[in-house]
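Q:
In the working numbering, the protein residues as written are 44 to 236.
Right, dumping it as structure tokens:
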């Protein structure tokens, strides 16, 4: 139910999170959706805080990003909780719009790619998509070639980043991910082969 981008994935997953009457954010709740251990859902989304089963009742919602960023609080009309239909009628698009503004800010802080490379990447995607329709085996051959090329380049880039002794926070900001995710990415490229 969360919002994600392909580029940033879980590092910037967003939700319409719950806000209590005092302005605080409640702890995540666990909802049992079935009989197996895999059917337990942990969430901080607004709708889970309905006042039932000793859960607090949300007075508002706001965009909440996995990176810790929070958007503006939007109030929830108390009538929302009086009928099940109210839950489905609540428009949380304002929170999603706030999160999109946050994502654009994250994008602006990332390291820019040269325009020529960006254009080349778009062309490559278009060419491979077209080739997949016309000649799928040839497209598969091209993808296989890219898969052979990328680990070596990734490893060289990761080694250069490590040699530059940049902080994980700097690398994370440049990539638009958390410092932990930046460390994980760098390590995975360094350990390939």
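Note that beta-carbon positions come from the ideal geometry of N, C-alpha and C, so glycine has one too.
Taking the alpha helix (DSSP H) that residue 196 falls in, what are its first and last residues?
A: Stepping through the chain shown from its first residue, residue 196 is reached at position 153. Unbroken alpha helix (DSSP H) run through residue 196: 179–206.
Q: Would a C-beta distance cut-off of 8 Å place residue 117 and residue 137 closer than the cut-off?
A: The residue labelled residue 117 in the question sits at position 74 within the chain shown. The residue labelled residue 137 in the question sits at position 94 within the chain shown. Closer than 8 Å, so yes.
Q: Assuming residue 60 and residue 88 are in contact, meaning their beta carbons sit under 8 Å apart, how far apart are those beta carbons, in whole angstroms?
A: Numbered from 1 along the chain shown, position 17 holds the residue referred to as residue 60. Numbered from 1 along the chain shown, position 45 holds the residue referred to as residue 88. Contact holds; Cβ gap of about 7 Å.
Q: In the DSSP assignment, the alpha helix (DSSP H) including residue 139 goes from what residue to what residue?
A: Locating residue 139 in the chain shown gives position 96, counting from the first residue. That run of the alpha helix (DSSP H) goes 136–152.
Q: Output the boundary residues of the alpha helix (DSSP H) element that contains residue 31.
A: The chain is shown from 44 up to 236; residue 31 falls before or after that span and cannot be answered.
Q: Under 8 Å between the Cβ atoms of residue 106 and residue 57?
A: Within the chain shown, residue 106 is the residue found at index 63, counting from 1. Within the chain shown, residue 57 is the residue found at index 14, counting from 1. For residue 106 and residue 57, yes; Cβs fall inside 8 Å.
Q: Sorry if obvious, but does the Cβ on residue 224 come closer than 7 Å to a heavy atom of the ligand FMN?
A: The ligand FMN is not part of the structure shown, which contains no ligands of any sort.
Q: Assess contact between the stretch 65–74 and the stretch 140–153, defined as three or more Cβ pairs (one per stretch) separated by less than 8 Å. Is contact present?
A: no
Q: Quick test of the definition: if touching needs 3 or more C-beta pairs under 8 Å, does the stretch 199–206 touch the stretch 160–179?
A: no
Q: For residue 217, collect the residues of the same chain with a Cβ closer than 7 Å to its Cβ; drop the 5 residues on either side in sequence, then sort them by chain order.
A: Along the chain shown, one-based indexing puts residue 217 at 174. The answer, listed in chain order, is 153 and 154.
Q: Which of the three DSSP states is assigned to residue 76 in this structure?
A: Stepping through the chain shown from its first residue, residue 76 is reached at position 33. Three-state DSSP puts residue 76 in coil, outside helix and strand.
Q: Can you grab the Cα-Cα spacing for the pair residue 196 / residue 235, in whole Å?
A: Along the chain shown, one-based indexing puts residue 196 at 153. Along the chain shown, one-based indexing puts residue 235 at 192. C-alpha separation (whole angstroms): 11 Å.
Q: Going along the chain, which residues of its own chain have a beta-carbon closer than 8 Å to the beta-carbon of residue 83, five neighbours each way excluded?
A: Indexing the chain shown from 1 puts residue 83 at position 40. Taken in chain order, the residues that qualify are 73, 74, 75 and 76.
Q: Below 8 Å between beta carbons: does that hold for residue 91 and residue 98?
A: Here residue 91 is taken as the residue at index 48 of the chain shown, counted from 1. Here residue 98 is taken as the residue at index 55 of the chain shown, counted from 1. Yes; because the gap between Cβ atoms is below 8 Å, this pair is in contact.
Q: Tell me which residues share the same chain as residue 119 and place their Cβ nearer than 8 Å to its Cβ, disregarding the 5 neighbours each side in the sequence.
A: Residue 119 sits at position 76 when you count from the first residue of the chain shown. The beta carbon of residue 119 sits closer than 8 Å to those of 89, 101, 102, 103, 104 and 133, all from its chain and outside the five residues before and after it, given in chain order.
Q: Quick check on residue 120: does DSSP put it in helix, strand or coil?
A: In the chain shown, the residue the question calls residue 120 occupies position 77. Residue state, collapsed to three classes: coil.
Q: Determine whether the Cβ of residue 113 lies closer than 8 Å to any Cβ atom of chain C.
A: No chain C appears in the structure shown, which is made up of a single protein chain.
Q: Answer with buried or exposed for residue 229, where buried requires no fewer than 16 other C-beta atoms within 10 angstroms of its C-beta.
A: Counted from its first residue, the chain shown places residue 229 at position 186. Buried.
Q: Under three-state DSSP, which class holds residue 102?
A: Along the chain shown, read from residue 1 onward, the residue named residue 102 stands at position 59. In the structure shown, residue 102 sits in coil (DSSP, three-state: anything other than H, G, I, E or B).
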